[in-house]
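Every position in the sequence shown, counted from 1, becomes a number in our numbering once 723 is added. Note that beta-carbon positions come from the ideal geometry of N, C-alpha and C, so glycine has one too. Note that the coordinates shown come from a computational prediction; the quantities given were computed from them, not determined experimentally. This report concerns only the one structure given below.
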Amino acid sequence: MKKTIAILLSLLMALSILSACAKTETAVAEATEAPAAEATAAPTEEVVQPMTSGEGGGFPVSPVYFYTNMYCLHDGVENVWYTPFGYYFFTGATGKADVTACIASEPETIDPGQISSVDGSTYTQHQFENLMKYATTGTQYQDDPSVLNTEIVNGMAESYTSMTNDDGTVTYTFTLRDANWSDGQPVTANDFVYAWRRLVDPATASDYGYILDGIVVNATEVNGGEMTSDQLGVVAVDDKTFQVNLVAECPYFLELCAFASLMPLREDVVSTGADWTDPATIVVNGPYIISEWVHDSYIKLVKNPEYYDAANVTGPDSITYYLSDSETAILSAYQAGEYDFIENFPADMIESLKASGDCFINDYVGTYFLYLSTKNIPDWRVRAAIALVIDRENIVENVTQGGQAPATNLVAAGITDSEGNNFAGSSSETLPVMWQWLQANLGDALGLDLNSYDDRCELAEYLVQQAADDGYDTAATIYYYFNTSATHQAIAEAVQSDVESVLGLKLELSNQDWNVYTSGLAEDTFGLARLGWIADYNDAVTYLEMFVNGNPYNYGEWVNDDYTALIEQAKTLPGGAERDALLYEAEPILFSGTMK
724 MKKTIAILLS LLMALSILSA CAKTETAVAE ATEAPAAEAT AAPTEEVVQP MTSGEGGGFP
784 VSPVYFYTNM YCLHDGVENV WYTPFGYYFF TGATGKADVT ACIASEPETI DPGQISSVDG
844 STYTQHQFEN LMKYATTGTQ YQDDPSVLNT EIVNGMAESY TSMTNDDGTV TYTFTLRDAN
904 WSDGQPVTAN DFVYAWRRLV DPATASDYGY ILDGIVVNAT EVNGGEMTSD QLGVVAVDDK
964 TFQVNLVAEC PYFLELCAFA SLMPLREDVV STGADWTDPA TIVVNGPYII SEWVHDSYIK
1024 LVKNPEYYDA ANVTGPDSIT YYLSDSETAI LSAYQAGEYD FIENFPADMI ESLKASGDCF
1084 INDYVGTYFL YLSTKNIPDW RVRAAIALVI DRENIVENVT QGGQAPATNL VAAGITDSEG
1144 NNFAGSSSET LPVMWQWLQA NLGDALGLDL NSYDDRCELA EYLVQQAADD GYDTAATIYY
1204 YFNTSATHQA IAEAVQSDVE SVLGLKLELS NQDWNVYTSG LAEDTFGLAR LGWIADYNDA
1264 VTYLEMFVNG NPYNYGEWVN DDYTALIEQA KTLPGGAERD ALLYEAEPIL FSGTMK
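Quick look at the structure:
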């Protein structure tokens, strides 16, 4: 438009010169130069397009929402214990002699050293007891008077002490109470030594083999194959004294001492073979013991008469966990009175179940997220674009419908820093942490506000176009894996719609049974894959450690040395501002890119 105006002005001036014939040569020159100056002004107002590079970059994960825990519980079952890390305990439940529940389908395993799921951990927590344990406070948890709060108290450890050594290491000494295994043999410190060494031994190939890295002396080296398991910093001083040497004080160490993967185990039992967890051969030290396991049907637990505190176990005589992934079938069985307690049911039934007084929604410290494979989607710009176009508000409002909140972080809401501040809230106060690098490096330059879904979609298209210009094949099929569930399928279809309609990329959905799902993820044949991570303890490390180089849960094979170094350094520090700062610095690296 400016150029058109300039041309018209030039013509008018030329006519004026011819008609007057009295203008000086200098005046003509001045008149004809003016339009030229205006005509060259337009390019100075053009926006310089920021240019990205497909090299390196993050976005190995796309958080979708923060969990809530939904369940249905029939009247008559009281005093169920709950921890927001996902465990419901029937150890103290009253009202029925035989409780029936359904919390998941067939577990991959119930071996404490091999489990990686909340359902597997739930079965373990009922059958085994660690140095510390969860017990009820006797207070109501939230809205349901039948569900009670929990706290961590002494378990197998009758007492413990800690001492800081001259070299900065910390020694915890646990004195074990008199207790027996279910076959009558005494529980000893060597049972803990064996279990902890077995967990970190690379030969065990445990998904949680890393959990003591940087915490217990030599754990990192043992897990990395640089030392043997007998060099782990644990020792049986005598049968009743278990000693643990820590690299430094760990703010969540006592929570780990209640964790399912670190339960004591009998070497003579476990060494008999992979079927040691079968009802005929298993030996436990907790309040219940498995009596029947009909695979893909049910697991039945009964009271363990050898448990040291058996006289005070007020729970039912038996707990039968039915195994199913059909939300419709689970709800039908509940409504028919076959199940007393369920955690999975169709989302469109939530409101009616709440109205009937069956369904309650509790806080839950967990994040539902999607892995983005760096091998199969090698350009971070495409991974970021997929993350940007997922309409999280639509998913929580119209798909899951259970009070979930759109995720702003990988670290779940409910995790606190050393000052008690909500980690996610502190790092995402004005803009979700997963958009901050994109806003600073691209959004501001393009005039976009990434708090807006429409602006996120615009940036996503921009990133995919730059990737395509650099040779990325946007016609390639991207495989999206999820474990069998109507809710997971509905979420996958919503994501598929967002990605295909906004970006034109093709997603192909594929579901697998839960008992083989995570082992399949380790093969990294997916582009996207869903997972939910429920916190193992109240610390951001429980989330951030998953994506360090080589972590067993880093299914998308992301590698970033700076990120890994920050997490490793944080794990060597006691709780406090310095450690908090490292963790706050690390998370944004997950969601960063590279520029040309």
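query, result
"Three-pair Cβ contact test at 8 Å for the segment 1080-1093 versus the segment 796-809", "yes"
"Inter-residue Cα distance where the pair is Ala762 and Gly1126", "Because the pLDDT at Ala762 is just 46, under 50, the model does not fix this residue reliably, and the value given afterwards should be weighed accordingly. Using only the alpha carbons, I get a separation of about 57 Å."
"Ser1315, DSSP secondary structure in three states", "coil"
"Length at least 4, wholly inside the segment 999-1043: the alpha helix (DSSP H) runs in chain order", "none"
"Coarse secondary structure for Gly1089, derived from DSSP in three states", "strand"
"DSSP-derived helix/strand/coil call for Asp991", "helix"
"Start and end residues, alpha helix (DSSP H) containing Phe976", "976-979"
"Cα-Cα separation between Tyr810 and Glu1142, rounded to whole angstroms", "26 Å"
"Simplified DSSP assignment, three categories, for Met774", "coil"
"Beta-carbon spacing of Ala858, Val870 below 7 Å", "no"
"Exposure of Lys856, with buried meaning 16 or more beta-carbon neighbours within 10 Å", "buried"
"Span of the beta strand (DSSP E) around Ala827", "821-827"
"Minimum length 3: unbroken beta strand (DSSP E) runs contained in the segment 865-945", "870-877, 880-887, 893-899"
"Reference Glu990; option with closest CA among Lys963, Arg921, Thr1317", "Arg921"
"Nearest neighbour of Leu1267, chosen from Trp1160, Pro786, Ala1217 [CA to CA]", "Pro786"
"Gly777 and Asp1193 closer than 7 Å at C-beta", "yes"
"Opening and closing residue of the alpha helix (DSSP H) in which Tyr1307 lies", "1300-1309"
"Per-residue burial, Asn941 [other beta carbons within 10 Å of its own, 16 or more giving buried]", "buried"
"Neighbourhood of Glu1116 by C-beta distance below 6 Å, restricted to the same chain and skipping five residues each side", "Pro1129"
"Cβ-Cβ distance between Trp904 and Asn1035 below 7 Å", "no"
"Reference Ser952; option with closest CA among Asp821, Pro909, Gly932, Ala1003", "Gly932"
"Secondary structure, alpha helix (DSSP H): runs of 4+ residues fully inside the segment 1147-1206", "1176-1192"
"Contacts around Glu1308, its chain only, beta-carbon distance under 8 Å, and the 5 residues preceding and following it disregarded", "Leu1289"
"Close-in-space but distant-in-sequence residues of the same chain around Ala1304 (CB under 6 Å, 5 per side omitted)", "none"
"Proximity below 7 Å, CB of Ala981 to CB of Val916", "no"
"Per DSSP, cross-strand counterpart(s) of Val1282", "DSSP lists no partner for Val1282."
"Inter-residue spacing [alpha-carbon to alpha-carbon] between Asp914 and Val1187", "54 Å"
"Close Cβ partners of Asp866 (< 6 Å) along its chain, the five nearest in sequence each way excluded", "Phe1083"
"Of the residues Ser1049, Thr873, Tyr895, the one placed nearest Ser882, counting alpha carbons only", "Tyr895"
"At least 3 beta-carbon pairs within less than 8 Å: the segment 1200-1212 vs the segment 1236-1253", "yes"
"Unbroken alpha helix (DSSP H) run spanning Val1264, endpoints", "1264-1267"
"Alpha carbon of Ile1100 to alpha carbon of Asn1174, nearest angstrom", "25 Å"
"Every unbroken alpha helix (DSSP H) inside the segment 1046-1070 [4 residues or more]", "1050-1058"
"Leu1165 vs Pro773 beta-carbon contact at 7 Å", "yes"
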